[in-house]
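> My questions all concern the structure below.
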Amino acid sequence: MLLGPAVLPASSLMLLGSGFLCLPPFPLLIVRGPTIRIPPPALRSAPHARPQAPPVPLRVGDTVIPPGSDLARELEAFEATEAQFAAASKAHFFKEQEQARVTAAETKRRLEAEQQRREQREVQEHWEVDMREKERAEKDARREQKRQWKERLRRMLVESKSDNGRRRLRGMLVDRKNDNSERLHPQCCVVWVWCRLLSLLGQSHSSRAYSVPVPSVPLPSFSLPPIPPADLPDHWSPVPRRGWSPARVLERPGLDGDAYHRVHIAIASGDDPAVADLRNAYGDRHRLDLPNPARWEPLPPMPVLRNHDIGPLQQELLDMQRRLNSAQLDLETEWACNRMATVQTRHLEAQLADLRRLNSEQERMMKNRQVEYELLQGEVKTLADSAAASAASAAQAKAYKALLVPGYPDPSARIEDLEDVLSRYEVELRRSEEGRGEAVDRAIRREVEIGNTSQLIHDLMGTCELLRQRARSAERRRSDTEILTAQVSSIGTTFRTRD
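Per the UniProt record's numbering, the sequence shown starts with residue 1, numbered consecutively.
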């Protein structure tokens, strides 16, 4: 029944179910008509129960075994026992496999930890060697600097014997002392004090040339005592302060008697560093006293080469230079051989690590093969037990059939059927034995391979030890060549100094 059309505004909402429906912006025409009723869904009828098929009866040949008989129960018990044995063997196999996996993981972790400890030990050894080489280089540098300072001081003292050299040395050191931006070396301070003494001597006696007094000790081990500057307190002196004495002034006119007395007594009383070094070396129980501690003896003058023919010296120097070049060439060859041996050693060590890893993998595979072999033995035993149980069940079934089933047909045919079953079980047993023999052969081959790998590892370790010995011999040769180079350089320096 139509009630007529109705026009709703665009902004109106219509409630439908549980939500609101937004109408379009244009007017909507709604036509009311008869209500259509939808019938409820029809209930589906329950499916008809299918009739269960009767269980298939057991058969032995052409004879049907009743479901409730003793023989049927025996066969069911035998099948349950076989299923139990199969489940137990499978669980044992998985358990052994898990144990082998855990053992392999533990072995791998132990080998990795050992390799890491070995690498850390090698890094520590290399670091210690580098530190020792660095300390040795620093000590050599300090010794060389000290030797250069001693050589320079000796030359300056030798040059100070002449008036020209004394004036030049005094001017150089006085200008250096007046410069406050630089810090004087202690030995320069000592030379400056000696130059002050020489300047005082030169002011009073300009016509006379005094030589610098030096103690009577060999030149290579001579070093001046530490003389303090003028601004230090007087209690620094090892001897008590003495007043001004006319007698000492008459000995050296124009010189401060107290300063001269302090310097003279400090050197002559054994405070010289050379004498102190001897005392420290031999101990205080040896009384190392100078022959005449109150008297200075000047050293003899430096030898002068009267013969200016230095051809033989130059020839000898050239021969030594050629020997040095030959030694350097041998040293470079040894270095190249050492580097090659180092590379070969690293390569062999890498091969050794690979072989060890391969050996561990083969051991793991060997363990897995052993587990498989044990599982095969268990399966063979299970098959043998199954064959025996089957034979017993067949004999019992034959007896039941002969006793319970009337008109048992052809007993010889039943015996043949049972013999066929036994023959099949025997074939399966032989196959299992063959599989076990193959597993044993594989295990033997793995053992032979492991033995060969161990021998190869032993040979590689011997080769590595030989290469290490060659590297040590090369290091010794290099040290000998460095000593020879130092000797040749010192001889060349001596010749150039003489020239």
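Glycine included, C-beta positions come from ideal geometry on N, C-alpha and C.
It should be emphasised that the depicted structure is a prediction, and the values quoted were computed from it without experimental measurement.
Is S69 helix, strand or coil by DSSP?
The answer is coil: DSSP assigns S69 none of H, G, I, E or B.
> Is the segment 331–347 touching the segment 449–458, taking contact as three or more C-beta pairs under 8 Å?
Too few Cβ pairs lie closer than 8 Å, so no.
> For N338 versus A471, is the C-beta distance shorter than 7 Å?
Yes; because the gap between Cβ atoms is below 7 Å, this pair is in contact.
> What are the uninterrupted segments assigned as alpha helix (DSSP H) that are 4 or more residues long and contained completely in the UniProt region "Disordered" (105–124), given in chain order?
Entirely contained in the UniProt region "Disordered" (105–124), not one alpha helix (DSSP H) run reaches 4 residues.
> Among T107, E361 and L313, whose alpha-carbon lies nearest the alpha-carbon of E449?
Closest option to E449, Cα to Cα, is E361.
> What does the alpha-carbon distance come out to for the pair R147 and D140?
Distance between the alpha carbons of R147 and D140: 10 Å.
> Let me know the secondary structure DSSP gives V488 once reduced to three states.
The answer is helix: DSSP assigns V488 an H, G or I state.
> Are there 16 or more other CB atoms within 10 angstroms of the CB of T481, so buried, or fewer, so exposed?
Buried, because 16 or more other Cβ atoms sit within 10 Å of the Cβ of T481.
> Tell me, please, whether the CB atom of H126 is closer than 7 Å to any CB atom in chain C?
No chain C is part of this structure, which consists of one protein chain only.
> Report the residue from M340, A392, D441 and D330 whose alpha carbon sits nearest the alpha carbon of M366.
Ranking the options by Cα distance to M366, first place goes to D441.
> For V488, which residues of its own chain have a beta-carbon under 6 Å away from its beta-carbon, when the five flanking residues on both sides are left out?
If we look at V488 and ignore the five residues flanking it on each side, its Cβ neighbours are M320 and L324.
> Is it buried or exposed, I483, if we count other Cβ atoms within 10 angstroms and call 16 or more buried?
The residue is exposed, with fewer than 16 neighbouring Cβ atoms inside 10 Å.
> Looking at L375 and residue 504, is the spacing between their C-beta atoms short of 7 Å?
A query on residue 504 cannot be resolved here, the shown segment of the chain reaching from 1 to 499 and no further.
> What's the call for E334, buried or exposed, on a 16-neighbour Cβ count within 10 Å?
Counting Cβ neighbours within 10 Å, E334 comes out buried, since at least 16 surround it.
> Can you tell me which of R73, A72 and E96 puts its alpha carbon nearest to the alpha carbon of E372?
When each option's Cα is compared against that of E372, the closest is E96.
> Could you tell me whether the segment 124–137 touches the segment 377–394, where touching means 3 or more Cβ pairs closer than 8 Å?
As far as the Cβ criterion goes, the segment 124–137 does not touch the segment 377–394, which means the pair count is below three.
> Thinking C-beta only, is F85 closer than 7 Å to A389?
In this structure, F85 does not lie closer than 7 Å to A389 by Cβ.
> Measure how close the beta-carbons of A443 and R356 come, nearest whole angstrom, since I'm counting them as under 8 Å.
Actually they do not touch by this definition, with Cβ atoms about 21 Å apart.
> For E316, which option in I491, M131 and S69 has the closest C-alpha, if you only look at C-alpha atoms?
Cα-wise, what sits closest to E316 is I491.
> When you compare the CB positions of L313 and F495, do they come within less than 7 Å of one another, or not?
Yes, the pair counts as a contact, with Cβ atoms nearer than the cut-off.
> When the Cα atoms are used, what is the spatial distance from A387 to S69?
Roughly 23 Å separates the two Cα atoms.
> What is the C-beta distance between S432 and E379, in whole angstroms, given that I count them as a contact (C-beta under 8 Å)?
That pair is a contact at about 6 Å.
> How long is the line joining the alpha carbons of E114 and A391, rounded to whole angstroms?
Between E114 and A391, the C-alpha separation is close to 57 Å.
> Suppose you measure from the CA of W149 to the CA of L111; what does that come to, to the nearest Å?
Approximately 57 Å between the Cα atoms of the pair.
> So T453 packs on L358, CB below 8 Å; how close in whole Å?
Going by Cβ atoms, the distance from T453 to L358 rounds to 7 Å, so yes, they are a contact pair.
> In angstroms with no decimal places, state the Cα-to-Cα distance between R73 and E363.
C-alpha separation (whole angstroms): 48 Å.
> Quick check: the Cα distance between L329 and R477, rounded to an integer number of angstroms?
When rounded, the distance between both Cα atoms is 12 Å.
> Could you check if residue 501 is buried or exposed, using at least 16 other CB atoms within 10 Å of its CB as the buried criterion?
Residue coverage of the chain in this structure runs from 1 to 499, which leaves residue 501 outside it and unanswerable.
> Pull up the distance between the alpha-carbon of R467 and that of A341, whole angstroms please.
Checking the sequence, you will find Leu at residue 467 rather than Arg. Approximately 6 Å, taken between the alpha carbons.
> For the candidate residues K90, Q124 and E151, whose alpha-carbon lies nearest to that of T493?
When only C-alpha atoms are compared, the closest one is E151.
> For R446 and Q377, which I take to be in contact (beta-carbon distance under 8 Å), what is that distance rounded to the nearest angstrom?
Incorrect: roughly 17 Å between the Cβ atoms, too far for contact.
> Tell me the rounded alpha-carbon separation between E434 and V427.
Looking at the two C-alpha atoms, the distance is approximately 11 Å.
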